[in-house]
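Heads up: the sequence lines are chains A and B, in that order. Just so we're aligned, residue 0 is where the first sequence starts under numbering that gives the first Met the number 0, counting upward by one. Just so we're aligned, residue 0 is where the second sequence starts under numbering that gives the first Met the number 0, counting upward by one. What follows is a set of notes on a single structure, which appears directly below.
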Amino acid sequence: MKKIFILCLLTFVVQWTFAQAPTAAPVEMADLLRSSGKIYVVIGTISVVFIGLAIYLFSIDKRLSKLEKEHK
Amino acid sequence: MKIKSDWWKILGVVLVLFSLFQGLMGRVPVLPILHETIRNIYYHVPMWFAMVVLFVFNAVYSIKYLSSGNEHHDNIAVESANVGLFLGILGLLTGMLWAKFTWGEAWSNDPKQNSAAIGMLVYLAYFVLRGSLDEAQKRAKISAVYSVFAFPVMIVLLFILPRLTDSLHPGNGGNPGFNKYDMDNQMRMVFYPAVIGWILIGVWVMQIRVRLLEITNQILEN
């Protein structure tokens, strides 16, 4: 379980290991959004929604397993 | 929840969460027109990958049903088509939204868009066919035969015909898939986990639907 947890944690930081600097280009990207740090709020919102959906799916799965056991 | 048999469900959730997080935080190539919408690759394309995998399930289990006559195989086939169609519709909708802001119009009658829509109709017809037959065994057999023909038609519509003509969609007009200008290796490190994660979640929802269908049938029989 501990190993799985560490593996999960590491998957989230894998991209920070890239050392190359971004090339400067005139194309407009959302640099301001990221520099002000508020993109984390968006990620937080999306994550809450998705984790909620996942928990919902797991609970449906669990309830089904119970039903299946009862009707065996 | 048994870790031994259900680990892939957790893996699917973790991979999608990773793609939600890294898909917004990771660095993307600086491209004109696309700007930050290049990140849609992590969320729009996996819908289609998952759909194709579920339609493969549909075709395989249809063939299995035809050789075995086992009702369980028909249940897997029908629910795979169901979840696959749902993911395909999500793919169409997200594609339309993306197209609106990069191609100028939500629906520009692009070959890829048109053939994807026809592909959806092919599988919609599968359910119309099933709905029109009352007898369970006949329904399973006829729709299984239909599936076997529908699958290659879907593959040709999605992956071959759009490549023969010019299309706005990447991976068409002769190019196989994304090229290095659209997607660099750092993006692939988010893209492939996203694809695998959504495939796993699609299969999971399909499994839940199959179990629901079978337990309902069991209760109704008693």
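Don't be surprised by glycine CBs; every beta carbon is placed ideally from N, CA and C. Quick caveat, the model's predicted, so the values are computed rather than measured.
| request: Could you tell me which chain A residues have their CB closer than 7 Å to the CB of B:Arg210, listed as they occur along the chain? | output: Leu63 and Glu67
| message | Does the contact criterion of 3 or more C-beta pairs under 8 Å hold for the stretch 35-43 of chain B versus the stretch 67-83 of chain B? | response | no
| field | Residue span of the alpha helix (DSSP H) that contains B:Glu220, given as start and end | value | B:Glu220 -> alpha helix (DSSP H) spans Asn184 to Glu220.
| message | Quick check on A:Lys65: buried or exposed, where buried means 16 or more other Cβ atoms within 10 Å of its Cβ? | response | exposed
| Beta-carbon gap between B:Val15 and B:Gly201 smaller than 7 Å | no
| said: I'd like to check one pair, B:Gly68 with B:Val189: are the Cβ atoms closer than 7 Å? | reply: no
| Between A:Phe49 and chain B, is there a C-beta pair that is closer than 7 Å? | yes
| request: Spell out whether any CB of chain A is found under 7 Å from the CB atom of B:Ile198. | output: no
| request: Indicate whether at least one CB of chain B lies closer than 7 Å to the CB of A:Ile38. | output: yes
| Pairwise C-alpha distance: B:Ala116 and B:Ile222 | Any answer about residue 222 of chain B is impossible in this case: the structure gives chain B only from 0 up to 221.
| message | Below 9 Å on C-beta distance, what does B:Phe20 contact in chain A? | response | Within chain A, the residues near B:Phe20 are Phe11, Ile42, Ile45 and Ser46.
| request: Give the secondary structure of B:Thr164 by DSSP, where H, G and I count as helix, E and B as strand, and everything else as coil. | output: coil
| said: Looking at chain B, is there any beta carbon in it that lies within less than 7 Å of the beta carbon of A:Ile54? | reply: no
| Quick check: the stretch 147-164 of chain B against the stretch 47-64 of chain B, are there 3 or more CB pairs under 8 Å? | Here the stretch 147-164 of chain B makes contact with the stretch 47-64 of chain B; the two share three or more CB pairs at distances below 8 Å.
| task | Could you tell me the boundaries of the alpha helix (DSSP H) in which B:His72 lies? | result | Run containing B:His72: Glu70 to Thr101, per the alpha helix (DSSP H) assignment.
| message | Buried or exposed for B:Lys111, going by 16 or more other Cβ atoms inside 10 Å? | response | buried
| said: I believe B:Ser79 touches B:Tyr60 by the beta-carbon criterion, under 8 Å. Please report the beta-carbon distance rounded to the nearest angstrom. | reply: 7 Å
| query | For A:His70, which of helix, strand or coil comes out of DSSP? | reply | coil
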